[in-house]
Amino acid sequence: MSSTFQKYGGFSAVSRVVMTFYEMVLDNDLVGHHFDNVDMPRLMDHQTKFVSALMGGPSAMNDERLAFVHRDLAITREEFDEIVLLLTDAMSQHGMEQADIHNVKKSFEEKRALIQKAAV
Amino acid sequence: MASLALTTINEQLLKSIGVGIAILRFKDAKFVFHNAAFTEWFGDPTTSDTVKEAMETLRDQALDSFRETGRFQGEIQIKPRRRTLVISLNLYLTEMESEKMIVAECQNITRMRELEQMIDSYSNMVERNTRQLEREKERVEKLLLNLMPRTVYEEYKTFGVVTPQLYREVSVLMLDFVGFTDFTEKNDPTVTLGELNDIFTAFDRISEQFGVERIKTIGDAYLAVSGMPEAAPDHATAVANCAVRFLRYLERRNQSHRFQWEARIGLGSGAAVGSVVGVQKYVYDVFGPAVNMAARLQVFAHPMKIVAPIDMKFDLIDGFQVDEIGSYDIKGLGSLELINVEGNLSLARGG
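One line per chain: the protein sequences are A and B, in this order. Quick note on numbering: this note's numbering labels position 120 of the first sequence as 118, and the sequence is numbered without any gaps. Quick note on numbering: this note's numbering labels position 159 of the second sequence as 168, and the sequence is numbered without any gaps.
In structure tokens form, the structure reads like this:
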């Protein structure tokens, strides 16, 4: 079965989405501050693998690790929602179809509990 | 007039391109020109702390480099907003109106660095996956080599199919244990399996020593051939050597083990077909007159005896003790002159 990941051309396509996504994130006043002192090349690499995994690509994302790296960031519901919006925007800018974007969002939503700080 | 226009164009160009350009006097490092891209990254050079810091850090290195080559190459990291930018810096000396000047050429290589890191990371991932596949392939190969001889496997790997082959001159060994069914009923399956594994492993080692290929085991029966898939002129003696040693191994084993095992062995000679059988569950198998004969004669043999057709006598007579035991009616094969084969080991044992 061909995955969304394969459909759009694998890593090179995903990395373009991720680059656009971070351009927007860094300029965003609600979520940008989380990235103030972050090693961006490394983060983009991780994020590319993460988004690839959400699209059914070959990289695997460990849930425990995902929770661990976000544990001290106190990410709020609004911030998570904003990130979802920006990612959606980046995906449509790169010509992904609505149905596919919806699926990626759905997979991403499943990870919300690991990333967003509970009860904030 | 034309040269003035050109100067204006040049100036406009310098101001608007995406490369950061600044020109400063060599003697006092005063900026005489900087374009928009430069200001965007560093701010106004006369007041910018970033520029001041960078100049202090790089001064000695740059001066050394100027002395040697007249130019300097370096990298600066700046953080105008949230994102750390990597700027490549190229400085070179020039002269303007007989004044020594430094031209600073800056390029934003942040994206390039990000891509480089991604490429590294993916190539590592790909290499890791490749290694994993390689290991998996080896595992599959090992498994398939248990199911078929190597030459057959090579054919299978290259062409995806194995053509059935008729081998005209092969010898076959068929061994079966006496009272095996009885044993399985009286003992725990683990014990039965342990015994079979132990004995068959020993048989495999002996077979390998004589270039005999174990084709399969069916329950307690052990089927091995010589002369296929690769021709072997001494196929008859090869299987007889194995047969003799199988029995000798069992005799020795019986002296020290709790369970006693006796086997009957039939040898056969002639033609056989070898092929991979099955599409989903393939297994390399052999069939044909030689295999039939070995199977029939094995049933006919007394415990711990090896029976073979008289056709094999000529091949075996030099290396083994061969006794004619007369003519018997063998099911499916008709009347056959048979021989009993034993090793020439009595001399070696001093008896």
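We treat Cβ as the ideally placed atom computed from N, Cα and C, and that holds for glycine.
Under 9 Å between C-beta atoms of residue i and residue j
i, j, result
"B:S278", "B:A299", "yes"
"B:F81", "B:L67", "yes"
"B:I96", "B:W50", "yes"
"B:I319", "B:E333", "yes"
"B:L33", "B:K39", "yes"
"B:E163", "B:A240", "no"
"B:R254", "B:Q307", "no"
"A:M53", "A:T2", "yes"
"B:G297", "B:L175", "yes"
"B:C251", "B:A233", "yes"
"B:L276", "B:A245", "yes"
"B:L100", "B:G83", "yes"
"A:V29", "A:E107", "no"
"A:Q91", "A:V15", "yes"
"B:Y293", "B:I224", "yes"
"A:S13", "A:M42", "yes"
"B:T160", "B:P238", "yes"
"B:I26", "B:C115", "no"
"A:I73", "A:M89", "no"
Neighbour-count burial assignment, residue i, 16 or more Cβ in a 10 Å radius
i, result
"B:N19", "exposed"
"B:V28", "exposed"
"A:K47", "buried"
"B:S235", "buried"
"B:M157", "buried"
"A:P39", "buried"
"B:L152", "exposed"
"B:L325", "buried"
"B:R120", "exposed"
"B:G335", "exposed"
"B:L22", "exposed"
"B:P54", "buried"
"B:E222", "buried"
"A:D136", "No answer is possible for residue 136 of chain A: it lies beyond the span of chain A, which begins at -1 and ends at 118."
"A:A117", "Residue placement at A:A117 is flagged as unreliable, the pLDDT there being 44, under the threshold of 50; a coordinate-derived value is accordingly withheld."
"A:Q45", "buried"
"B:V170", "exposed"
"B:L15", "exposed"
Residues sharing a beta bridge with residue i, DSSP
i, result
"A:D37", "Beta-bridge pairing links A:D37 to no other residue."
"B:Y337", "B:L345"
"B:L276", "B:L182"
"B:E104", "B:K109"
"B:A233", "B:L182, B:R223"
"B:V331", "B:V350"
"B:R80", "B:Y101"
"B:Q174", "B:G283"
"B:A31", "B:H43, B:A113"
"B:D294", "B:S284"
Residue-chain proximity (residue i, chain C), Cβ-Cβ < 9 Å
i, result
"B:T226", "Structure shown: chain C not included; protein chains present are A and B."
Separation of residue j from residue i, as counted between CA atoms
i, j, result
"B:L356", "B:G328", "Since pLDDT at B:L356 reaches only 47, below the 50 mark, its modelled position is unreliable, and the value read off the structure follows with that caveat. Cα-Cα distance, rounded: 13 Å."
"B:T201", "B:A247", "29 Å"
"B:D338", "B:R140", "59 Å"
"B:G352", "B:F219", "15 Å"
"A:V102", "A:A51", "9 Å"
"B:V187", "B:N155", "26 Å"
"B:M183", "B:T210", "16 Å"
"B:L345", "B:K322", "13 Å"
"B:A63", "A:Q4", "45 Å"
"A:D87", "A:D25", "14 Å"
"B:K166", "B:E150", "10 Å"
7 Å Cβ cut-off: residues of chain B touching residue i
i, result
"A:T18", "What A:T18 touches in chain B: nothing, since even the nearest Cβ is about 12 Å away."
"A:T46", "M127"
"A:S13", "M127"
"A:D27", "Per Cβ cutoff of 7 Å: no residues; A:D27 is ~11 Å from chain B at best."
Neighbouring residues, chain B, relative to residue i (Cβ below 8 Å)
i, result
"A:S171", "What is shown of chain A runs -1 to 118, which leaves residue 171 of chain A out entirely."
"A:L24", "R90, R91, R92"
"A:G30", "R91"
Contact list for residue i against chain A, beta-carbon separation under 7 Å
i, result
"B:T93", "M38"
"B:Y131", "F9"
"B:E84", "Chain A residues near B:E84: none, gap ~14 Å exceeds 7 Å."
Under 9 Å from the C-beta of residue i: neighbouring residues of chain B
i, result
"A:M53", "What A:M53 touches in chain B: nothing, since even the nearest Cβ is about 15 Å away."
Contacts that residue i makes with chain A (C-beta to C-beta distance below 8 Å)
i, result
"B:E65", "Simply none; closest approach about 24 Å."
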